[in-house]
Amino acid sequence: MFRESMKMAWASLLANKMRSLLTMLGIIVGIGSVIAIVGVGDGAKNLIMDEFEGVGTSSVIISARSSEAEQQDMITVVDIEEMRNLESVRLVTPSVSGFGYIHQHTRESNLMFYGVDQDYPQFISMDIISGRAFTPTELASRQPIALIERTSAEKLVGNSDPVGEIVEISSGGRRQTVTIEGVVETSASSFMSMAPDTGNGEEMPITLYIPLQAAQELISDRDYFSMILVMSDNPNMVEETGNQVIRLLEANHNNSDKNIYNKRNVTDLLDQANRIIGIVTTAISAIAALSLLVGGIGVMNIMLVSVTERTKEIGIRKALGATTGDIMFQFMTESVIVTFLGGVIGVVIGLVTSELLGNLLGFEAKVGITVILVALIFSSSVGLFFGIYPARKASLLHPIDALRNE
Amino acid sequence: MPTTISMKQVNKIYTTGKIPFHALKDVDFEVEQGDFVAIMGPSGSGKSTLMNIIGLLDVPSSGNYELNGIDVKDLSDDDRAYLRNQEIGFVFQSFHLLPQLTLLENVELPLVYAAMPGRERRERARIALEEVGLARWQNHRPLEVSGGQMQRTSIARALVSSPALILADEPTGNIDSQASSEIMKLISAFNERGTTVVLITHERDIAEYASRLILIRDGRLSEEQMSRHADVGVDTRFGAPAITEVNHV
């Protein structure tokens, strides 16, 4: 009986190919978008996890809010020294970052540069892909040398090796000529490349790492830092260490009332990323649910049409001995097959979409087999639910009335 | 002889309209196993209603109906479906084959609902088609064959589950006269092999194939003695058989 019902349902689907496909559309869109968003979301989550593995969970990044911080609030060498004396602090490294331009031949590109010292790689992993790393002496100096981010190197010189390239960089009217000594992949690189632009319509800037002092010089002549990386002695005390450092800064700069300093740690960032992914997932899921609902109603509608069209067939089957249950089963099978097939097509489209989106955003989309199974079971359930009413209607037809129908 | 159909004081009253319609009035009717009974009557005489009740497609308003010894009064819809499947083979005027299925699949259909395994089912359906001379056409669809062939297919379908009763409702109504006589010979042949046949028709020459002729008019039955079977005595259960003006077409 089951195989017969499958066969009959299949035949009736093939008899109305276009109608069946249109009926499935809502289900396809619903399931497709769920699969796509789950694939992209999980892929992004994995990526962020991977990236921040290099940063470590015992680190906290403290920065002065640039919008509010004034000259006297900036972090100084004295602050750093005092932090190093805090008991819970294992390691502190200051950093500066700034925007500018990079001039190469006649071209000018946006630039984001980081001033780093010898301890920086302990916080953020920096893998040399070609060329060489800075020596500790270089890091402690203000030599005009730079490491370039892998993705930026591609942007700057294409497939050729940028090592040895001499470029001019500028920031706030100051200029500096630097030699690129190596290509580096940091734990932040692919995270950066996820964002196709900086948000103001411009391209992602070229990212360079230069010795801390050289960067400071480019920004201003003074020994200010816009950001410090602090490693706690105890991974469980990151929060507390961060607060201690902020209290110290506020005491030194006498600005505890202004809430100038901001701390972020990896866990915070992960939470934030998860929250964003969560919001997007919820929004898309709501659309998908709506689409499935509409799709389900569409299936119900078509099944009702089908029941009307096949009244005589139902009468014949009943005359030949089909029970109420047999007829019910036949029509339910048909609606479940429609939505199941819609689910299958949706899964395929969703997988392709998430793969494409992943490629576009520069990471690997991941859709687990569980998600696919749940999607298929869910789409079948839509057919089951919305098929009940038409099937019931079909099964309750009186054989005489049904046979009389021409 | 065991009794295939036994009706006592069966009435059918339709109450769907404003005025109740009395379609069958106190019908007493028996058909013994192996009988070949023709029921004749003009349209509106109640013969469709009688056929629906005999075929378990409808239920009497009052009275008693036993099919093959089973009182059908208290059966559920599904019980009646089961009994139709097991005991009755229908042959309809407009064939009622499913156009999307092949002739073989159409013949298999009653066995599908009898939950017979696929292989056995196909084998039996093939044999049934062979018996009506359509083995070569088994993979064609109904619309690809002639009316006579369609009706032979529906006879094969009616016989495939070896029912106690073949119920043929105007089986020759939609086919030409040559095919009609083939169909009637086929039905007679199966009757001779022991299958009970109830034939509903309004054509006297078709009714002549039967061994008993029942006339129905205004919901009442009467039996007419068959001229071909002069040795069969008049069944006085139905009163005077003096009906001569019947609907000869």
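Residue numbers (numbering that gives the first Met the number 0), protein chains in the order written: chain A, 0 to 405; chain B, 0 to 248.
For each residue, glycine too, the CB sits at the ideal point set by N, CA and C.
Any C-beta of chain A under 7 Å from that of residue i
{"i": "residue 74(B)", "result": "no"}
{"i": "residue 196(B)", "result": "no"}
{"i": "residue 15(B)", "result": "no"}
{"i": "residue 57(B)", "result": "yes"}
{"i": "residue 109(B)", "result": "yes"}
{"i": "residue 51(B)", "result": "yes"}
{"i": "residue 159(B)", "result": "no"}
{"i": "residue 4(B)", "result": "no"}
{"i": "residue 224(B)", "result": "no"}
{"i": "residue 10(B)", "result": "no"}
Other residues of its chain near residue i: CB distance less than 7 Å, five sequence neighbours each side excluded
{"i": "residue 228(B)", "result": "Any reading at residue 228(B) must be qualified, since the residue scores a pLDDT of 47, below 50, and its modelled position is unreliable; the value itself is stated next. Contacts found: 210."}
{"i": "residue 93(B)", "result": "173"}
{"i": "residue 91(B)", "result": "153 and 168"}
{"i": "residue 131(A)", "result": "180 and 181"}
{"i": "residue 254(A)", "result": "72"}
{"i": "residue 64(A)", "result": "259 and 261"}
{"i": "residue 53(B)", "result": "4, 166 and 197"}
Beta carbon proximity, residue i to chain B, threshold 7 Å
{"i": "residue 354(A)", "result": "no"}
{"i": "residue 308(A)", "result": "no"}
{"i": "residue 283(A)", "result": "no"}
{"i": "residue 399(A)", "result": "yes"}
{"i": "residue 333(A)", "result": "no"}
{"i": "residue 8(A)", "result": "no"}
{"i": "residue 200(A)", "result": "Bear in mind that the predicted position of residue 200(A) carries a pLDDT of just 45, short of 50, making it unreliable; the figure below should be weighed with that in mind. Chain B, which has no Cβ nearer than 7 Å to the Cβ of residue 200(A), makes this no."}
{"i": "residue 3(A)", "result": "yes"}
{"i": "residue 153(A)", "result": "no"}
{"i": "residue 363(A)", "result": "no"}
Spatial neighbours of residue i in its chain, beta-carbon cut-off 8 Å, leaving aside the 5 residues before and after
{"i": "residue 39(A)", "result": "353, 356, 357, 360 and 364"}
{"i": "residue 389(A)", "result": "299, 302, 303, 305, 306, 330 and 334"}
{"i": "residue 149(A)", "result": "128, 182, 183, 184 and 188"}
{"i": "residue 181(B)", "result": "147 and 151"}
{"i": "residue 193(A)", "result": "Here residue 193(A) scores only 42 on pLDDT, less than 50, and its place in the model should not be relied on; the value that follows carries that caveat. Correct list, in chain order: 43, 46, 360, 361 and 362."}
{"i": "residue 88(A)", "result": "82, 229, 230, 231, 232, 240, 243 and 244"}
{"i": "residue 7(A)", "result": "329, 332 and 333"}
{"i": "residue 128(B)", "result": "102, 103, 106, 134, 136, 137, 152 and 155"}
Spatially closest choice to residue i from the options, by CA coordinates
{"i": "residue 77(B)", "options": "319(A), 366(A), 342(A) and 346(A)", "result": "319(A)"}
{"i": "residue 31(B)", "options": "164(B), 204(B) and 124(B)", "result": "164(B)"}
{"i": "residue 169(A)", "options": "35(A), 127(A) and 217(A)", "result": "217(A)"}
{"i": "residue 119(A)", "options": "142(A), 90(A) and 103(A)", "result": "90(A)"}
{"i": "residue 138(B)", "options": "125(B), 149(B), 103(B) and 123(B)", "result": "103(B)"}
{"i": "residue 40(B)", "options": "121(B), 34(B), 97(B) and 23(B)", "result": "23(B)"}
{"i": "residue 433(A)", "options": "249(A), 343(A), 73(A) and 292(A)", "result": "The first residue shown for chain A is 0 and the last is 405, placing residue 433(A) beyond what the model contains."}
{"i": "residue 62(B)", "options": "7(B), 161(B) and 206(B)", "result": "7(B)"}
{"i": "residue 398(A)", "options": "222(B), 4(B), 83(B) and 67(B)", "result": "83(B)"}
{"i": "residue 208(B)", "options": "50(B), 25(B) and 38(B)", "result": "38(B)"}
{"i": "residue 230(A)", "options": "22(A), 93(A) and 376(A)", "result": "93(A)"}
{"i": "residue 35(A)", "options": "378(A), 284(A), 81(A) and 315(A)", "result": "284(A)"}
{"i": "residue 240(A)", "options": "383(A), 279(A), 84(A) and 348(A)", "result": "84(A)"}
{"i": "residue 86(A)", "options": "28(A), 37(A) and 233(A)", "result": "233(A)"}
{"i": "residue 85(B)", "options": "97(B), 101(B), 111(B) and 19(B)", "result": "111(B)"}
{"i": "residue 120(B)", "options": "160(B), 99(B) and 135(B)", "result": "160(B)"}
{"i": "residue 265(A)", "options": "156(A), 48(A), 28(A) and 103(A)", "result": "48(A)"}
{"i": "residue 215(B)", "options": "2(B), 21(B) and 46(B)", "result": "46(B)"}
{"i": "residue 61(A)", "options": "153(A), 297(A), 247(A) and 387(A)", "result": "247(A)"}
{"i": "residue 79(A)", "options": "112(A), 162(A), 252(A) and 213(A)", "result": "252(A)"}
Neighbourhood of residue i by C-beta, 6 Å cutoff - its chain only, sequence neighbours within 5 removed
{"i": "residue 328(A)", "result": "4"}
{"i": "residue 76(A)", "result": "222"}
{"i": "residue 310(A)", "result": "401 and 404"}
{"i": "residue 206(B)", "result": "37, 39, 200 and 212"}
Any non-hydrogen atom of the ligand GDP within 6 Å of residue i CB
{"i": "residue 133(A)", "result": "In terms of ligand content, the structure shown is empty, and the ligand GDP therefore cannot be addressed."}
**Message:** Output needed in chain order: residues of the segment 316 to 331 of chain A with a Cβ under 8 Å from some Cβ in chain B.
**Reply:** 316, 317, 318, 319, 320, 321, 322, 323, 324 and 325
**Message:** Does the contact criterion of 3 or more C-beta pairs under 8 Å hold for the segment 223 to 241 of chain A versus the segment 164 to 179 of chain A?
**Reply:** no
**Request:** Name, going along the chain, the residues of the segment 59 to 88 of chain B whose beta-carbon falls closer than 8 Å to a beta-carbon of chain A.
**Result:** 76, 77, 80, 81, 83, 84 and 85
**Asked** Using a beta-carbon distance cut-off of less than 7 Å, what residues from the segment 90 to 101 of chain B approach chain A?
**Response** 95, 97 and 99
**Prompt:** Is the segment 139 to 157 of chain A touching the segment 202 to 217 of chain A in the sense that three or more CB pairs, one from each, lie closer than 8 Å?
**Reply:** yes
**Prompt:** Listed from N- to C-terminal order along the chain, which residues in the segment 112 to 141 of chain B have their beta-carbon within a distance smaller than 9 Å of any beta-carbon of chain A?
**Reply:** 112, 113, 114 and 117
**Given 8 Å, three or more beta-carbon pairs between the segment 3 to 20 of chain B and the segment 62 to 73 of chain B** = yes
**Asked** Does the count of Cβ pairs from the segment 334 to 350 of chain A and the segment 14 to 21 of chain B closer than 8 Å reach three?
**Response** no
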